[in-house]
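Numbering (the UniProt record's numbering), first residue to last: 1 to 324.
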């Protein structure tokens, strides 16, 4: 029962996630990467704490919202995916599966009954408009479009040639109004919980939105290639962080040589790990490095006193010579 649905509402203990993994382990005899990912998360204090926190938030009934408190659930999910390293979150969400039991466990990772599904599917464009009205959601949607942009001219299927960045941008959408998840437990197809049924004259635009999830060769290849040794440049910045273009003023970045394209330069910069630390360094460098000598002080501020002493001595000598 635990293997097919690891987040039963009846189980609400603080150690539920750990107990679910232990119970499932006794039922599984073959290699289960998703189960291994859960056990690895339980060993890490931060991962285990924040995972238990979001599961508890997502299965707890709400007097106002009914079966669960979706805003609280989504907030806890965002906290988990933003603060826990991708080494853990990606293994939980993109672990490869060869059977439906494993795939169902993977699909249940974000507790979709609360964070994802609704009784009816809302219109996709309506959801997207709400997302674009929010700064964080809007920026993460733009980051996802950039990092997971498909390309027919790339062997990887990604224009940016970076599977890791694409997966990181994908997880950045979880907990938002356009949260994506696996559509079923038999494939690796993903997408948001919405429909284009009531799109009217904007059906084509709505279809383009869904296509970016359902038929995106870059995203699909990134998910399927995860963990099998064929990952392409697994670096990537944290969702919500400034884009490479916004970091162009950072003292840590260097100008690309004439022969290097902007796309290549961005990939090189994204490979600096951790990106978040690079950004913190930049911010501290702007405001907090007051103890470091600035070029203006070293070039102009320290030089004027040097000729002052010889001039003063010369004046004293003239006074002494004029009074025998």
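All C-beta atoms in this analysis are idealised placements derived from N, C-alpha and C, irrespective of residue type, glycine included. Note that this is a predicted model, so its numbers are computed, not measured.
So, are the CB atoms of residue 80 and residue 50 less than 7 Å apart?
-> yes
For residue 150, write down the residues that DSSP places opposite it in a beta bridge.
-> 158
Residue 150 beta carbon less than 7 Å from that of residue 217 | yes
Span of the beta strand (DSSP E), counted from its first residue to its last, around residue 54 = Here residue 54 belongs to no beta strand (DSSP E); instead the alpha helix (DSSP H) covers 45–59.
Rounded to a whole number of angstroms, what is the C-alpha to C-alpha distance between residue 63 and residue 177?
-> 22 Å
Determine, using beta-carbon pairs with one atom in the stretch 163–176 and one in the stretch 137–148, whether at least three such pairs fall under 8 Å.
-> yes
Out of curiosity, what's the CA-to-CA distance linking residue 134 and residue 127?
-> 11 Å
Does the beta-carbon of residue 186 have 16 or more other beta-carbons within 10 angstroms, so that it is buried, or is it exposed?
-> exposed
First and last residue of the beta strand (DSSP E) that includes residue 130?
-> That residue, residue 130, is in no beta strand (DSSP E); its alpha helix (DSSP H) goes 124–132.
Please classify residue 191: does DSSP put it in a helix, a strand, or coil?
-> strand
Alpha carbon to alpha carbon, what distance is there between residue 181 and residue 34?
-> 15 Å
Contact belief for residue 97 with residue 37 at Cβ below 8 Å, rounded distance in angstroms | So it is not a contact: roughly 11 Å between Cβ atoms.
Check residue 182 in the structure and name its three-state DSSP category.
-> strand
Determine contact between the stretch 110–125 and the stretch 152–160, defined as no fewer than three beta-carbon pairs at a distance below 8 Å.
-> no
When you compare only the Cα positions, how much space is there between residue 198 and residue 192?
-> 16 Å
Check the C-beta distance from residue 148 over to residue 166 and give it rounded, since I have them as a contact under 8 Å.
-> 4 Å
Taking only the alpha-carbon atoms, compute the straight-line gap between residue 39 and residue 203 and give it to the nearest angstrom.
-> 44 Å
How big is the Cα-Cα spacing for residue 190 and residue 85?
-> 22 Å
With distances taken Cα to Cα, identify the nearest neighbour of residue 112 among 93, 220, 100, 130.
-> 93
May I have the straight-line CA-CA distance separating residue 108 from residue 114, to the nearest angstrom?
-> 10 Å
Identity of the residue in 48, 222, 201 nearest residue 83 by Cα = 48
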